[in-house]
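Chains as they are written, first to last, in the working numbering: chain L, 260 to 547; chain D, 147 to 814. Have a look at the structure below before the remarks.
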Amino acid sequence: MSLVNAALRAVFDLVLGPFAALPPILPVTLVSLASGILALLVYRWTSNQEAIAAVKRRLFGHLLEVRLFNDDLRAVLRAQLRLLRENLTYLRLNLVPLLWMIVPFMLLIAQLQFHYGYDGLEVGERTLLVVDLAPAEPAAAGGDQAAPRPLVELEAPAGVAVETAGVWVPSLRQVVWRLRANEPGRHELVVRADGRAFTKSVFVSDAEGGARWVRRSPTRRRAAILDQLLYPAEPSLPRGGPIERIDVRYSAAAISFFGLLDVHWLIAFLILSLAFAFALRNRFGVTL
Amino acid sequence: MKRSRLATAAVLSAALLLACGGGGVGPSRGPKVVVLGFDGLDHALTRQLIDEGRLPNFARLEAMGTFAQLRTTVPPQSPVAWSSFITGMDPGGHGIFDFLHSDPETLIPYSSTAGSSAGGRFLKVGRWQFPLTSGEYTHFRHGTPFWEVLEEHGVRTQVIRMPANFPVSGTASRELSGMGTSDILGTDGTFSFYTSELFADREVSGGDIVELDIYDNVVEAELLGPENPLLQEPEQLTAPFTVYIDPEAASAKIELGDQQIVLQVGEWSDWLEVDFEMMPTQHLRGICRMYLRALEPEFELYVSPIDHDPMAPSAPISTPPDFAAELAQEVDRFYTEGMPEDTKTLTEGVFTPEEFLAQAKIAGDEVVEQYGYVLDRFLEEPGGFLFYYFGNVDLIGHVRWRSRDPEHPAYDPETDAAHADLIPTLYEGLDAIVGQTLDRLEAAAGLGDGGEDEPLVVAMSDHGFASWRRTFHLNAWLLEKGYLRAKDPDAYNDPDFLLNVDWEGTRAYGIGFTGLYVNLRGREREGVVTAAERLELIEELRTELLAVVDPATGERAITEVKRRADYAFQEPAAVGPDLIIGYAKGYRGSTESATGKVVGEVFSDNDGAWSGDHMMDHRVVPGVLFTSRPLARPAPAITDLAASILAEYGVEEFPLTAASGAAATGSP
């Protein structure tokens with residue numbers, strides 16, 4: 260999974276990189292178009308097109324039945340039951356292409372989320388770096404005594420200032436620092452714990468029109484399968500290490516939907532990819 | 147085809163105009179006029195600092211045009227004086243006589259400038275009630291704001307932080323309310339102070355002290371909001387927050403909603419959003435700042451009054467309604483309450499002077515930063531009128547004036563001597579504002595070029611300042627003289643709010659800082675003085691008050707007593723006092739008397755932090771008036787200034803009386 264994520268990061272950085280300083284609706288539209296076409300192709304290859312066409316015809320027939328025999332309650336109820344049954348059949352027929360699509364689309368959405376789902380930091384802005392430590396061994400925890408303060412250190416490059424000492428929260432096994440962004444660009448913080456070093460990337464936007472919509476990683480986590488799928492923006496932390504996760508807080512972003520309103524990128528993506536798929540379905544000879 | 151293209155072009159042009167905003171159609175007519183309102187800028191001190199060379203930009207403004215005293219109102223109180231500036235009328239016309247008025251029906255003091263009411267009808271479902279009619283804010287000022295007349299004459303106006311203009315009038319192109327704007331609780335600003343100190347919980351004015359416990363270095367507490375208006379049984383809204391303390395790092399992590407911050411001891415937070423859930427789908431939004439005062443030996447956290455969130459205000463604080471959000475987006479969120487400098491923290495002993503000054507600096511810097519944005523936008527448009535208010539000098543002056551007065555009873559050489567130059571330094575800050583304004587207008591609008599429609603810069607204040615050394619307790623004096631009878635003569639049992647007054651034996655009482663009311667039959671709920679006796683009583687009281695001598699100094703304590711009939715404007719509204727007292731320089735009416743306490747000593751030393759004031763004889767605390775060129779219509783008094791500004795645009799009819807809308811005559 261780590262290799263897949265690394266490859267996907269490289270591909271998406273390469274593909275989306277040229278759009279980093281442009282309005283994000285542009286790459287989201289292009290990706291939606293590609294996604295809509297991909298979805299149509301997968302749908303055509305993996306679905307039973309004849310069966311879907313047949314079930315749609317039957318659905319239409321039962322709808323007519325309801326309309327034509329509306330003075331016959333028994334006939335209407337029978338038609339409603341058939342409508343329900345055909346709907347379930349339609350859903351079943353869609354299940355197969357859906358299963359084919361779910362994994363690639365999850366990977367796609369996870370990658371896009373870290374390009375367009377977060378905003379900031381800007382120069383002068385503050386954020387927190389939160390390090391969650393692994394649960395202490397019972398012996399190290401000292402029984403009922405308060406958890407001893409762990410030796411966790413933070414090193415920051417010149418572009419990021421560490422404004423506070425690490426705040427140790429024993430009840431959460433958490434150390435928190437306040438950071439201040441000083442220079443635009445991608446910076447690597449180093450957290451040292453148990454004699455080992457772990458990096459965490461921080462991205463600072465260039466307010467003067469530089470790259471803004473690039474991959475940001477709000478969290479770096481241990482290598483659990485689900486976390487690797489959901490948080491692919493950075494390599495996972497090693498299993499069995501002293502740190503469970505390292506978080507940098509970015510604000511959530513909204514993108515302008517062609518100047519009409521500001522929406523989460525995923526809303527724009529879903530609307531556009533569905534619209535493209537519907538618009539192109541006849542050209543690709545697909546029955547939806 | 148051609149016609150269709152023209153129509154399309156017209157529609158597109160109109161859409162472009164709308165998209166560009168601007169608050170009006172077509173260019174604003176007349177010259178650019180900028181009025182800088184500096185609350186409490188004292189004439190004598192300004193003169194002194196100019197002569198010492200410390201205010202080069204005020205000196206520049208004086209050299210360009212004029213610098214003179216600006217006669218203030220009777221009484222010289224901010225809401226009164228600014229209301230006179232707004233309407234061109236004295237208190238007899240606009241009906242604002244004091245910060246506090248007495249309601250003759252209930253005999254309870256109320257804020258003189260504005261009030262609010264909840265929705266009148268509710269749909270009740272279970273424990274919930276849903277308002278069918280919305281609540282509203284009402285301002286009590288009579289008269290027509292001068293900017294309304296300017297707008298009617300084609301001048302686009304921006305009126306930013308005008309005192310006594312909450313709720314906003316809605317008649318300027320852009321408005322932001324100022325002094326008088328409440329916090330989310332509906333008060334002038336109520337801070338919260340969370341402490342682990344045992345028995346610290348006490349009653350303080352303008353704040354809540356909350357005692358709490360710490361378990362395993364974790365504090366669980368709640369921010370306190372207003373009562374939930376959607377519940378039939380009133381219940382206070384709260385927003386929980388958690389503080390994780392790390393004494394070793396002298397820092398704490400604070401979680402409020404989905405926000406997390408880290409503060410070191412002695413640090414202020416940025417603005418935090420506060421979300422009060424009224425019901426699962428209905429929320430009340432506010433903002434606050436936190437200050438981590440100490441972790442050891444006791445945990446101490448100050449939370450500023452929770453203000454309306456300018457991004458989504460729940461009160462009418464701006465025109466257009468999204469102007470506050472525009473300011474917040476372009477600059478930052480900001481204090482929306484009318485008096486953001488939290489003087490109560492100092493007067494109630496919660497903050498040291500340094501801590502208070504740090505808070506006041508945050509509030510003052512916000513106003514200055516916003517001014518830069520507002521001025522930029524103002525200069526982008528042709529013509530127009532801009533008023534912008536700065537209140538920092540007034541509020542800091544109130545609580546730090548004694549640092550300039552070693553004769554003050556509360557002067558402490560150890561703490562006050564260090565701040566001896568504080569007020570002049572604040573004046574220098576205002577001087578920089580003047581310099582910024584002159585420079586920008588010279589560069590962008592031709593200030594000083596002598597051309598037609600040459601811009602005008604006005605810097606003015608509503609009143610001056612003086613040291614407040616001795617306190618006069620009006621109600622105690624009335625009691626001593628037999629005009630007022632107390633139910634309980636024991637001062638410790640006096641509950642304020644006139645609740646200790648035996649109305650049957652009372653002919654006169656005091657409410658507000660300078661107001662004296664006759665207990666008039668037919669007006670007051672339990673009035674005893676007949677209309678026939680009223681005038682005689684007023685004259686008697688006036689004579690006696692003017693003869694009051696402070697036994698400690700041998701000086702007259704009161705040098706001016708004004709009757710309602712002395713005002714040039716006589717509105718029929720039955721509000722405000724019968725007599726207005728002007729104290730001699732160095733004297734002021736007591737806060738206890740102002741809120742209706744009736745027993746105690748008549749004179750006392752002022753030993754509080756609130757050591758400078760202006761609620762005295764108006765002749766000893768004049769304001770200032772600077773203009774970048776002589777005014778076509780001179781303005782010797784604050785009541786004249788609006789008419790002078792209108793005259794710059796060729797509008798001669800002002801003020802307009804509230805009742806008729808017709809031009810009124812005369813200037814007091």
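Here a beta-carbon is modelled for each residue, glycine too, at the ideal position from N, C-alpha and C.
Here alanine 260/D is bridged, per DSSP, to His285/D. Counting only Cβ-Cβ distances below 7 Å, leucine 387/L has contacts in chain D at Gln406 and Val408, in chain order.
Chain-ordered, the chain D residues with CB closer than 8 Å to the CB of arginine 408/L read Glu394. Distance from the CA of proline 282/L to the CA of tyrosine 509/L, rounded to the nearest whole angstrom, comes to 19 Å. Against chain L, the beta carbon of tyrosine 390/D has neighbours under 9 Å at Val426, Trp427, Val428, Pro429, Ser430, Leu431, Gln433 and Val435, listed in chain order. Neighbours of arginine 508/L in chain D, taken as residues whose beta carbon is under 8 Å from its own, are Gln406 in chain order.
Residues of the same chain with a CB within less than 8 Å of the CB of glutamate 650/D, apart from the 5 flanking positions on each side, are Arg631, Glu672 and Val674 in chain order.
In the three-state reduction of the DSSP assignment, lysine 731/D falls in the coil class, being assigned neither a helical nor a strand state. With a contact defined as Cβ atoms closer than 8 Å, valine 473/L and histidine 374/L qualify at about 7 Å. Assigned with DSSP and collapsed to three states, tryptophan 547/D falls in helix. Put simply, the CB of threonine 458/L is far from chain D, with every gap to its CB atoms at 8 Å or more.
From the beta-carbon of lysine 399/D, the residues of chain L found nearer than 7 Å are Val426, Val428 and Val435. With its beta carbon less than 8 Å from one in chain L, valine 364/D belongs to the interface.
Proximity of the segment 709–725 of chain D to the segment 234–241 of chain D meets the contact definition, three or more beta-carbon pairs being nearer than 8 Å. Threonine 546/L does not reach chain D, its nearest Cβ partner there being about 41 Å away, counting only Cβ pairs nearer than 9 Å. Checking the DSSP bridge columns, you'll see tryptophan 274/D partnered with Val271/D and Leu377/D. In this structure aspartate 330/L is exposed. Its beta-carbon is surrounded by fewer than 16 other beta-carbon atoms within 10 angstroms. The three-state reading of DSSP puts histidine 760/D in coil, since its state is none of H, G, I, E or B. From the listed residues Tyr519/D, Lys743/D, Asn363/D and Gly596/D, the smallest Cα separation to glycine 211/D is found for Gly596/D. When beta bridges are read from the DSSP output, alanine 398/D appears opposite Ile391/D and Leu409/D. When secondary structure is reduced to three states using DSSP, tyrosine 519/D falls in the helix class. Interface residue (Cβ-Cβ distance to chain D less than 8 Å): threonine 423/L is classified as such.
Taking C-beta atoms under 8 Å as the contact rule, arginine 779/D and alanine 788/D fail to qualify, at a distance of about 10 Å. Per the Cβ contact rule, the segment 582–590 of chain D is in contact with the segment 515–526 of chain D (3 or more Cβ pairs under 8 Å). According to the DSSP assignment, alanine 205/D belongs to the alpha helix (DSSP H) that extends over 202–210.
Taking every protein chain shown into account, the CB of methionine 436/D has 16 or more other CB atoms within 10 angstroms, so this residue is buried. Scanning the segment 436–516 of chain L for uninterrupted beta strand (DSSP E) segments of 3 residues or longer gives 444–452, 455–463, 478–480 and 502–507, listed from N- to C-terminal end.
Annotated three-state conformation of valine 290/L is helix, per DSSP. Pairing leucine 413/L with valine 450/L gives a Cβ-Cβ distance under 8 Å.
Leucine 625/D sits away from glycine 656/D, with the two beta carbons spaced by 8 Å or more. Here the alpha carbon of arginine 200/D sits roughly 19 Å from the alpha carbon of valine 604/D.
Assignment of leucine 662/D by DSSP, reduced to helix, strand and coil, places it in the strand class. Around the beta-carbon of leucine 344/D, fewer than 16 other beta-carbon atoms lie within 10 Å, marking it exposed. Put simply, of Asp188/D, Ala398/D and Ser757/D the residue whose alpha carbon is nearest the alpha carbon of valine 364/D is Ala398/D. According to the DSSP assignment, alanine 590/D belongs to the alpha helix (DSSP H) that extends over 568–591.
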